[in-house]
Amino acid sequence: MTAPDEIAIKKLTLKLKAYVLEKFKEANIDYCLTCGMCASGCPATGLEGLDPRKFLRLLALGQDDELLSTNWIYACTICGRCKHACPMGIDVGRIVYLLRGLRPLEDRPKSLQKSCELQKTSCSTGISNEDFVWVVNDVLEETCQNEPDWAELKAPIDKKGAEYYLNQNAKEPTVEPEEMVPLWKILHTVGIDWTYSSKWWDGANYCMFTGDAKDWEYTLRKQVETIEELCCRYYINTE
Amino acid sequence: MYYVVSEGLRRFNIPHTFEFLSIINLYARWIREGRLVVDSSWNKEGLRFTVQDPCKLVRQGIGDSVADDLRFVVKKVVGEENFVDVWPNKSNNYCCGGGGGALQSGFVKNRRHYGRTKFDQFAATGADVVITPCHNCHSQVLDICKEFGGKWQTTHLWNWIEKALVR
Amino acid sequence: MNNPKGSVLVIGGGISGIQTALDMADSGLYVHLVESSAAIGGSMGQLDKTFPTNDCSACILSPKLVECGRHLNINLLTLSELVSLDGAAGNFKAVVRQKPRYVDPAKCIACGKCAEKCPKSVPNEYNLGIGKRKAIYLKFPQAVPLKYAIDAKNCIWLNKPGRCGACAKECPAGAINFDEKPVEHVLEVGAVVMAPGFKPYDPSLLDFTGYGRVPNVVTSMEFERLLSPSGPCLGHVERASDKKTPRRIAWLQCVGSRDKNRACHAYCSSVCCMYAIKQAVIAKEHMAGELSAKIFFMDMRTHGKGFEAYFERAKADGIGFERARVHSIIPAPHGKGETGDVLLRFANENGEMCEEVFDMAVLSIGLELDSSTVALASKLGIDLNGDGFLKTQSFMPVLTQRQGVFVCGAASEPKDIPQSVTEASAAAAEVEKLLASARWKETKVKEYPSERDLKGEPPRIGVFVCHCGINIASVVNVKAVTEYAKTLPHVVFSQNNLFTCSQDTIVSMTDIIKREGLNRVVVASCSPRTHEPLFQETLREAGLNRFLFEMANIRDQDSWVHQSEPEKATQKAKELVKMAVAKVASHQPLSEGKLPVTKGCLVIGGGVSGMQAALNLAEQGFAVTLIEKGEALGGQALKLVRNWEGLAVAPVLSELAQQTISHPNITVRFKTQVKDVEGSVGRFKTTLSDGSVVEHGAAIIAVGAEPWVPQGRWQYGYGVDARVKTLHGLDEILKKSQTEALEALSDVNQAVFMHCVGSRIPERPYCSRVCCSHAIEQAIALKDLKPKMDVFMLYRDVRTYGRREHIYEEARSKGVIFVRYDLERLPKLEGVGARLELEAFDPVLGRQIRLSPDLLVLATAITPRKDAGELSKFFKCAINADGFLMEAHAKLRPVDFATEGVFLAGLCHYPKPIEESIVQASAAAARAAMVLAKDFVPTEAIVAEVTPAKCVTCGVCGKICPYKAISKSQVTGKAEVNPALCKGCGACVAGCRSDAIRLKNFANKELIAAISAGGC
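Protein chains in written order, with my numbering: chain E, 331 to 569; chain V, 680 to 846; chain B, 12 to 1027.
See below:
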């Protein structure tokens, strides 16, 4: 009599494990000592009935259906705290990421996928590049007018040859534009020569988290090309 | 997100001529060099501050050195005595629970359950302000603070630098 | 090799270096012992107690330190380092650089006035930086040599001459010499033994442990010092932050071991599981049971002799064991603990998150090689192995790639003290083999002052009472005992000492004996078992017969057992002293005879151990008779395919057998067993099963062990179903050619190994040590032969200790899946017939797993031979509860029996892999050589004596005597004792109905005097 959650193994079929190893050669799934260091350090332990150790175990035992359907891959935030202390250095997060990529588009969390789709056109919140430029200039103008001490404040966009390139998380221009100002003031005080770009300016990038490496690569390449065109020597990440 | 760029450049082998930097390292460098002058004397009431070390910047990005710079800047800005650290911290810090696209993924119950660890961690510091140098962290820390009845204020770092700025 | 030198260079003054030096110096070689610090003792000296005997580490080490310090044939070079080594085996030229001590050892009386006045305090490295010492310091209280040294880095004068000099002003002996310069010694030696030891791992590299960041997280080495009576808090464990006595302590295993990611140490450090259990047990004892102790572990590795029983006892004593790994240690937040407490968060084995608060956390740190040893290795041309330890030969771990250079101890792989001591003796054996022709050529002979004639002198007794740090003085009022002793009859002198066995006390004792004209001495301290020879030697040096001595054991039999009743313990100490005084008063000087040594050895058992021991001794030039009850040499090793490193066993085995058979000094006798043994050390006469008699000076027992046959609930179809095999059964397949093996395994698509079949169960509580490695090595072989085969290991704890951890990793990397089982949830075999089905519980997923093995391999226990017990009786050796032969001391005499001149090696001692058997066999040979190298053996002085007038010639004594030392006089018919054969056991005395026999110095008169003195 087979118990409902019993795992019967006549012959191991390890399709998913093979896929992971093909995409990520250093996945080291087999090196797991099942010591549980990962589970102890993971805030997602217990969510969806899993933890990193169980996750790897299911892979090793070929329980592919269960892995392909579990939402634990979205409870895991790919924070890397498991790998940080894992005696075998197993990067569970990266395996989770690969499994997210295997989830059919229609079954993926909608907002997450949408953030990535929007990113591929302008930015993760979906405001247009024109709107971004308008908002920046509008907020700048307002600040220069209302705060006499900062009348000289600048927020350059597409300034070719600027020494520093600055990205901008889309959240501010979308919902709280005044939050951009403190950083401008700091940069102004320090006196560096910086610029935004009018396209591929977003500092966030959710394409990495959908699991589709090609989307992540595409958006990043676009941003890099933009910066290269502006001939900036440094790229400042704001977070 | 720092790691999205640093790891992406490496993994996809994207050619580039620029050097990729974190604003946190720059703040610290500018303060050390005297180009950015800050004064913590505004904090007369002894508002107590702690920080969130973003996973993508610290553990998966630059490591402890940027976490140390973050603390250096915060201490300069709010007064050394007004900084209280979280445990665990720096490269070993807990993720806020908003990372990895969790804020967009919709599994709100799971996300908050996850964030409870973070909430307890901040609550234990007794801080009045939690500085989150990452937008994801910012949104999640705001959310769990509200959800679990936290008493702190969640902010970015630049607001406090602006407050302490000496021109 | 022409005219090899008779001197040896030993590098490292820890237990391994000390043991190898003593073995060689006692066998006719002159030893230069080079130690980089100011005193010998190494890491063992820093430990509190040692597992599994719970002996006080410093106490059992101290006699060896003193022996080394005053050995005529050991030249102790402290503060020294090897600069270069030229030449070849037999004729090396070593240059050793000795740093200045700045204290003249000939003048220093170790009074400590210098350190008292020295204004410069620095962290005390002997206590791992807990607490301070001065810039002029004594390494530890029992240091040998017991001489202060100036630490040049921190001395004010040496950095700015003229600025301080307080020590020089204060020193009453004028011993300080700031102008001392380094000295280079050029030494001509025949061989070099490296025993540089290990360095404890520094966990500050692992941020998540909290070490160096979170208060009250300490390393295990620091904790040893906290526990130690000579440590920074005198054995009363305190936590650093607030001096509070911790009541809840957690131990975290595998810190810096079995960690490729952060620690870069893929190996297991082998000793940490046991030392953590020991620390928990001892800490609990220190705190009178008021301690909640928990050990967080991955696999519990208690694979040594007596270890599993120790583990079980600890569990029964309430030590907690949690199979979980703590990811991080953080300060306990308010509301969860007090300031200074630590919080541990972990997922338990069921995957549930748990939080626990402790007062203190101890990190069980691993072992690694010190960078100075790496430099030393490169100077000597010795490579490192993949784990960064000294590379040695797989089947003989004391041999290096350079002939004439040997290694022993933890420098080649992490190992415990018994294994280190065994290797130390094995290295000595290999050196002696190399330099046999130079034996006694460079040694010096000890001259004692002639014994003082005591005729007509009334007893003048001196009493020395020992504090033993807190060991005695924390319970017994030592001062009161000392004062009391002064009131006893014949006592003319009495004093107390911090450590009576330390070198300064020993030296001053000699002076006191002379100055006070003492003619009897009582030492009230510890056990005569470990310390009597040391004090007797002192008497000889003072010109007294060594039998004018008595010990009162006020530690083992008093302070240790009456901790909660100090007043009564003090009273008991007084009584014990009074008894000893009463007894010693009637002691008479005794003289020892000497008998020529029969320069041959009997080796019993023709397995790997027996052959190795025989060959070593034969190469040293001794005649060896090797008897084997079967018809072939090789023993259990004949069944083996590979050792853990994957090297073939057969070539090694046939080489050993070939050499053994053909060696001119070895006589091999098959189908032969021991029938009877007479005589004793140096003079054995053994009757064999064919009636012949062999005379031999020493004997080595290497009779091996045998595999257990699966039965009862452990049968798992063995013997019924051909698909079920033992490890040896699978070895038979793996021995075949690849094609034949594949053919034999053609139907096998799933193989399952079942570990611990018959081991670690109530009926057989010990771990069989080798089966994990053996099974895993086979699993790898199966995967290599047939990569598509599914291989599962059902295990209880994976015990691939030391560097064997690599094969565990290799097996996993090849896809072998490990599923842990408990005795409570034994895997069930179902459906023996068409298909085997094995149901096991996987604790990782918390689910049942149903396997369908085509091959089920049972890793069965190794059991002692029944006839080993009978053999042991002939030699008056003991067996332990498990049936294995019992060594004289589990820690420091791992190959000796309590019976002198008889040694043991191999599986009859305890299950062990082939290379450990080989090492142990060489070690036994070295110990046997200590007997055989000498021309004479002293006979017992404490012997029986017959009063002929009282003898009624009944003959009972002769029948009782186990040594055949009593015969009837041809002339008078009365009993006569042959003092050369008598061992002083006293059986005849008890057996004599007419009170005609007495034991010298143990006659009724003395014993009754002692007994009636009791109860004062």
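Positions of the beta carbon are idealized from the N, C-alpha and C atoms, including for glycine.
This structure is a prediction, so every number in the text was calculated from the model and none was measured.
Within this structure, are the beta carbons of residue i and residue j separated by less than 7 Å?
i         : j         : result
Cys-824/V : Pro-733/V : no
Lys-158/B : Pro-116/B : yes
Asn-84/B  : Thr-549/B : no
Phe-798/V : Ile-557/E : no
Phe-219/B : Ser-370/E : no
Val-802/B : Val-781/B : no
Ser-48/B  : Glu-92/B  : no
Ile-487/E : Ser-528/E : yes
Gln-739/V : Gly-776/V : no
Val-282/B : Asp-427/B : yes
Ile-403/E : Leu-429/E : yes
Checking contacts by CB at 7 Å: is residue i closer than that to chain V?
i         : result
Lys-353/E : no
Pro-439/E : yes
Ser-339/B : yes
Pro-344/B : yes
Val-466/E : no
Considering Cα atoms alone, identify which of the options is closest to residue i.
i         : options                                       : result
Gly-617/B : Pro-924/B, Thr-671/B and Lys-75/B             : Thr-671/B
Pro-776/B : Leu-867/B, Ser-748/B, Gly-894/B and Gln-582/B : Gly-894/B
Phe-947/B : Lys-402/B, Arg-810/B, Val-608/B and Arg-259/B : Val-608/B
Lys-902/B : Leu-88/B, Ser-73/B, Ser-431/B and Leu-840/B   : Ser-431/B
Asn-771/V : Asp-421/E, Ser-441/E, Thr-473/E and Lys-413/E : Lys-413/E
Phe-560/B : Ser-575/B, Ala-580/B, Glu-586/B and His-598/B : His-598/B
Lys-746/B : Pro-156/B, Gly-315/B, Lys-650/B and Glu-181/B : Lys-650/B
Val-492/B : Cys-479/B, Ala-625/B, Ser-448/B and Glu-586/B : Glu-586/B
Thr-525/E : Glu-506/E, Tyr-564/E and Ile-337/E            : Tyr-564/E
Glu-956/B : Ile-971/B, Glu-927/B and Asn-989/B            : Asn-989/B
Ile-522/E : Lys-529/E, Ala-485/E and Gly-533/E            : Ala-485/E
Lys-164/B : Pro-156/B, Thr-256/B and Tyr-113/B            : Tyr-113/B
Met-35/B  : Ser-980/B, Glu-774/B and Ala-940/B            : Ala-940/B
In the DSSP assignment, find the unbroken alpha helix (DSSP H) run with residue i in it and report its ends.
i          : result
Tyr-495/B  : 489–497
Gln-670/B  : 661–673
Thr-516/B  : 514–526
Ser-1023/B : 1015–1024
Using a C-beta to C-beta distance shorter than 9 Å, which residues of chain A count as neighbours of residue i?
i         : result
Phe-219/B : The structure shown contains no chain A; its protein chains are E, V and B.
Return the Cβ separation of residue i and residue j in integer angstroms, given the expectation that the two are a contact with Cβ distance under 8 Å.
i         : j         : result
Lys-60/B  : Ser-68/B  : 6 Å
Thr-31/B  : Ala-206/B : 6 Å
Pro-864/B : Leu-849/B : 6 Å
Leu-529/B : Ile-472/B : 7 Å
Would you mind reading off the limits of the beta strand (DSSP E) that contains residue i?
i         : result
His-43/B  : 41–45
Met-18/B  : A small fix is needed here, since residue 18/B is Ser in this sequence, not Met. Residues 18–22.
Cys-365/B : 364–369
Compare the C-beta of residue i against all C-beta atoms of chain E and say whether one is closer than 7 Å.
i         : result
Ala-843/V : no
Ser-719/V : no
Can you check whether the C-beta of residue i is within less than 7 Å of a C-beta belonging to chain B?
i         : result
Glu-336/E : yes
Thr-504/E : no
Ala-806/V : no
Pro-417/E : yes
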